[in-house]
Every structure is written in structure tokens, then in C-alpha cells.
Amino acid sequence: MADKTPMQTFQELQAALANRELFTSIDAHFARFMAGLAKNYFQHVSLAAALVSHKIGEGNICLDLAEYAGKSLHTNSTEMHVPEISCPAVPEWSECLLKSGVVAQGEGNTPLILDRQSRLYLRRYWEYENIIIRFIRERANSVIDILNLSRLARDLEDLFPPSSSGQTDWQKIAALAAVSRSFCVISGGPGTGKTTTVAKILAILLSQSENPEKVRILLGAPTGKAASRLQEAIVSTGLLQGMPAPPKASTLHRMLGTRPNSPYFRHNESNHLAADIIVIDEASMVDLPLMAKLMQSVPISAQLILLGDRHQLASVQPGSVLGDICHSATMKSFSDSFCRLTSELTGDSLAPLLKYNVDQESPFLQDSFIELVQNYRFSPESSIARLAAAVKEGHADAAFDILHSGKHNEVVWSELPPSAEIAPRLLRWPGFEHYALLQHSLDPVAYFDVLDRFRILCSLRSGPYGMEKINTILARQITRQSSDIASRSHSAASHPSLSFLPGQPLMVSRNDYNLQLFNGDIGVVLPDPLRHDVLRVFFKKDSGSIHDIAPAMLPEHETVFAMTVHKSQGSEFDTVLLILPDQDSPVLTRALLYTAITRARHKVEIWGKKEIFRSAVKRQITRTSGLSEALWAAAAKVL
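In the working numbering, each number is its position in the sequence shown, counted from 1, plus 505.
Shown next, in the form of C-alpha cells:
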């Protein structure tokens, strides 16, 4: 096969894609770098490297060669000298990559890995994925010796009394699974009682312990807000009052122990967390690298319980770990041994749900995955619950009918106004009045209460209906309404790049370990109670206490009168206003709509266009990875 120099080949590749916006500069640099390392087959390597970089930028873990093999990457360029790039067939492409010297099929030191299903990985992502696969296979099959079966049966009966409906109590089944296994995933939508269930699980585990006062419990979540909500929910049950001190929740980064200017943590495979039980909430938000590092840090004797909603948006970073490891066909299938244990301890029969063991290597894997289905927040007639269910199942017509019928006060549909009219419409929205009135507030607790009650969510960050534009409109209007805006803090005035408004809500976008402020933490700018001419930024700690800092000390942040749906994960609000764009976008998916709708406790209002909404409900995005296949390939053949 004739070949060319790496630079010549990649220059042709760049020329072919120059007008397509397919590759970013990072993709191009990575492709050039890989071609420079390759011994031969430079064009095959350049193309594959650029594509795998591009796929990771989209949130995927790897590149499936079959997605592009045999296809052409067309260019919109009218220039005759711009060549069209044709991707080779999978056998040829794979063979050339493996002979290039930069790709291997397993262990080694090559920067790229090609697995036997023709998926191409960056080595570190392949390693992260395999860490998770090994952990789940080992821990999900690790059955814990129950010290006192009669006590466990009594605890289950006391904490989960029989239901008059006679239906399976999935919270009780989840508790039994979590108590009897080293690893357990409990999935369920908002209102299905995940945190209440885990509080009861902790109470049972303490009851089973010979020294409950010495049991070490760690609670964590991806964001400070989610961690705070987890702690509040568990403490409010009153089930852990016998402990010397209630368990404290923290962000995952705090739990693992960050190192300045390093992607690695203090706790790792050689320095495990000091814990017997680890509970992680909002697991859908945890990306692949962070999940792998968490699992590496779990002691061999500890239990790990993941809570989350597998239908929610995945992390902004690469990976959809919770969605990948929760296989739909196995969420209600159990091994014969687990069915017998359930019957023995609870009297409930899971026999109708018994399926084949998923494979011989991991015969009890499915027993570690439970889905809660009964909603305790919403009645079956709840419009929010019905709308969320229709969106989750991809029923576009049914979802729009619920919204557009006008029969329900809980869900409201409004046609999207022209971009020139968005500002006056926003100013008539009830939540805006509360923002404006609290501009002169001296009470941060009251402001945080309003932030929990009303929130505008945007599906996009930029554009005429994006988060940045909505925040600009609201901030400008508040500025106009204020007679005292000129009196900003001295610290802000000394930094021309900083501009703060009384009543301005902020979200930290970069961790600052010195200030103990983390990505996702919410603050509000208000006058200093002692000096009203000086502004301070107030934050609510996980414990509920308030602390403040000077505006000039803030790490990277953004205004959040409105926030993106992605950033809203882990939070709930009484009323949600969701603003959709006027143009369709690949970002608009059923997971995004479902996540936005389920942020609302009492009311959700959507501004949009019918065809855009229906298109989003129908669009389901699946991120490419090997996790699901590695864990559940055998299940797909027998279930």
C-alpha cells in the first residue's frame, strides 16, 4: 500500500473537512500528533484519531469504526482541489490501525486501544471503562453474610409495612439487595423515594452491625446542592438517631480529596476511603473518569450504593455510566437464589420475574440493580408525572396533548414568542417579580428560598433563547429598576472586569479548594448586613449555615437567573419555566425534556414550538461505550 508522510496526509484531511465544522482544532492537533507517532498507515491513523477525539468531545467514550466505515465524509466546499475522504471498511481500517504502532488490542503502552468489537478508545478511557466493569462484576457477585436473618426480617417488616394494594414493594426489594450485596444500584425518578429507601437501608445495616457506633458512613453527590439535599433527606427521616453523629454529605471531589492542579485524588486504589458504607446520589451526573476513580477508592470490605435516575441526562463530560450499567431488560429480573431469599425474609414472591442468569461468569449480576417505580410525590393523575412518563417513553403526541390541553394547572404550554418579544414576556413571568423584590433584601436565607421556588431553565447556553441571553435580559431589567445600582462594592469597582448586582444569583463553574467552593455551588450577591454600600457573595453550606466572601475572591462563575437544564440536575424547584429554542438542535432530546420536567415539584411551564418539542421527545441519544455490552451482552440473548 502506497503511503505518504504524516503531514501531507493530514493536510489533505484538513482540506477535505475545512468547511464542515466536523473537527475542532483539538481534534486536528490530536490527529496530527497520532500520525506523527505512527510507523505507517498515516491517513488511517489521522482519520481515526480525529474521529475518536470528536466523539469524545460529544460525550462518547469511544469511536465505533462501523459508524463511519465504508462511508464518505462529504465536504460543502466548492473548491475542486478539496478531496473527499472515504473511510475504509472495518477489516481494512482495523488491520491498518493495529499495524501502525499506535494502536493495540489490549494491554501495552499504545495511546489508542481497538477492542474486538472494532471500538477505538483513548487508552485512559479504555482503562477507566475496564475498572468499572471489573468492579461491578466482582462486587455485584459479592454476597454479604447476613449476621442475623431473623433481625433482618423484622427490620424489613418494621420499616416497610405491607401495602394494602398487594403490589411488590420495590423499596423493600432494593433494601434487601443493598443489605445483602457489596454493590447496589437503585434507580428511580423524582418522588420514588430513593433517599428515604437508602435511609432505611442504613438503619438496617446499623442494626446488623455488632458495633453500630463504629460504622463509617460516607454520603456523596456530584454537586454541593445534591449533597446537601441527600444529607437533609436522610437526617429528616430520623432513622439514624442512634449514631454518635449523623453522617455528613459532601461532593465527590471533596470526598475523594482533590490535589491542586492534578486530575488525580488523594484517595485511590492504594489509599482507600475510610468507610464501611458509601452512598452516592445523583449518579447519572457522574462521568466515566470520576466513577472509575470512585470505584478504585472503595475498600474491599465496603459497600457502595449508587442512587440515580437512569432516564436523566448524562454528565456533560464523557460517559453515560448509570444509563449503561442499568440494562432495561434486567432491571426486574433476578436470580433464583435472590428470589428464595426474598421469599424467606419477606414472604413476597419474585418468581414471576425470575429470568435466566445473565451469564455464567456473573450469575447474580442482575440482583444488584433495582428500579423504583411507585411515585409518592405525585398521584397517578398528576399531570407532571403523566407528562414526564410520556416524554420518557418517547410518546410525542401524548406528551404534547397533556401540555396543550389547557386542562391542567400543573403543566402549561405557551407558544414561543419572537425573539424581540422575549423580554416583555419574561418580565410578566411571576418568578421575575420575586427576583426584583429581593434585590434590596439583606436576608440571604430568604433569597435562597426564592431560588428554590422559581427557576428558568434553558435547553441551550447561547442563542436568542439561550441561558446567556435570558440572564442578560433579566439582569438589565433589574438594573433599570434599581435606584441604587451605582453603589457597587469597592472590591468590584477595583476590578473593571467584575460587575455585580444586588440580588444577582451566581453559580460557581470551577472548583476552588482554598475557598471550599465547587462547581455547581450557588451563591447570591447581597449588601453586607453591616455595610450596606458593600456587596458580598453569600453561599449556603451543606450544613445549612451561611458564609460569605468578597466578590473579587470569586472563582469562575456565571449568572443563574436562568440556568441550563444540565446545570439544574440535582436540584428541585416549586415552579419551572423551560424555554426551548426556535430551531431544532441535536442537544434537544427526550432525556433533556424529562430532566427539566422532573425538576418541578408543583408546576412546569414550557415555552416552545410544537414541532421542536415533538422532535425532541422522539430524539434519543445513546453514547458509544462498551460498558453495557460487557455487562449485559449475554442478557440480551436470553431475556
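The beta carbon of each residue, even a glycine, is placed where N, CA and C say it ideally should be.
- Here Leu654 is exposed, its C-beta having fewer than 16 other C-beta atoms within 10 Å.
- Counting C-beta pairs closer than 8 Å gives fewer than three between the segment 1014 to 1029 and the segment 923 to 941, which falls short of the contact rule.
- Judged by beta-carbon spacing, Pro1010 lies within the 8 Å limit of Phe1066, meaning their Cβ atoms are closer than that value.
- The beta carbon of Ile889 sits closer than 7 Å to the beta carbons of Phe883, Glu915, Val916, Ile1102, Ala1105, Val1109 from its chain, once the five residues preceding and following it are set aside; these are given in chain order.
- Under the three-state reduction of DSSP output, Gly698 falls in the coil class, being neither helix nor strand.
- Distances from the CA of Ser767 to each of Val1122, His909, Asp1017 were compared; the closest alpha carbon is that of Asp1017.
- Following the DSSP letters along the chain, one finds Trp631 inside the alpha helix (DSSP H) bounded by residues 628 to 645.
- For the set Thr1127, Asp1053, Ile636, the Cα lying nearest the Cα of Val950 is the one of Asp1053.
- Pairwise C-beta distances place the segment 953 to 971 in contact with the segment 1084 to 1104, as three or more of them are shorter than 8 Å.
- In the structure shown, Pro794 falls within a helical segment according to DSSP collapsed to helix, strand and coil.
- DSSP places Phe959 in the strand class (E or B) of the three-state scheme.
- Between Leu681 and Thr529, the CB-CB gap reaches or exceeds 8 Å.
- If you ignore the 5 residues before and after Leu850, its C-beta comes within less than 8 Å of the C-beta of Leu654, Leu657, Ala658, Leu661, Leu681, all in its own chain and listed in chain order.
- Straight-line spacing of the CA atoms in Tyr633 and Thr984 works out to 48 Å.
- By the Cβ-count criterion, Asp948 is exposed, with fewer than 16 other Cβ atoms from all chains shown falling within 10 Å of its own Cβ.
- C-alpha of Phe1005 to C-alpha of Ala980: approximately 10 Å in a straight line.
- Proximity of the segment 695 to 704 to the segment 726 to 740 meets the contact definition, three or more beta-carbon pairs being nearer than 8 Å.
- Counting along the chain, Lys1072 sits inside the alpha helix (DSSP H) bounded by residues 1070 to 1073.
- In this structure, DSSP gives Val950 a helical state, which the three-state scheme calls helix.
- Counting only runs that start and end inside the segment 889 to 946, the beta strand (DSSP E) elements of at least 3 residues fall at 916 to 920.
- Rounded to whole angstroms, the gap between the alpha carbons of Ser692 and Asp786 is 10 Å.
- Closest in alpha carbon position to Asp569, among Trp1137, Thr1129, Glu1134, Ser1133, is Thr1129.
- The DSSP-derived three-state label of Ala731 is helix.
- The DSSP-derived three-state label of Gln736 is helix.
- In the three-state reduction of the DSSP assignment, Arg1104 falls in the coil class, being assigned neither a helical nor a strand state.
- Distances from the CA of Cys567 to each of Pro593, Ser551, Cys592, Ile618 were compared; the closest alpha carbon is that of Ile618.
- Ile975 is the residue among Gln871, Ile975, Pro1034 whose C-alpha sits nearest the C-alpha of Ser964.
- For Tyr1099 against His816, the beta-carbon gap comes to about 6 Å, under 8 Å, which counts as contact.
- Listed in chain order, the beta strand (DSSP E) elements of length 3 or more contained wholly in the segment 762 to 816 are 782 to 785, 808 to 813.
- Taking all protein chains in view, the Cβ of Gln746 is surrounded by fewer than 16 other Cβ atoms within 10 Å, so the residue is classified as exposed.
- Membership of Leu1011 in the beta strand (DSSP E) is indicated by the continuous run 1010 to 1013.
- For Ala1055 and Arg958, the gap between their C-alpha atoms comes out near 26 Å.
- Taken through DSSP and simplified to helix, strand or coil, Gly541 comes out as helix.
- Counting along the chain, Pro1032 sits inside the beta strand (DSSP E) bounded by residues 1027 to 1032.
- Counted as a single uninterrupted DSSP element, the beta strand (DSSP E) harbouring Phe1044 occupies residues 1040 to 1045.
- With fewer than 16 other CB atoms across the displayed protein chains lying within 10 angstroms of its CB, Ala750 is exposed.
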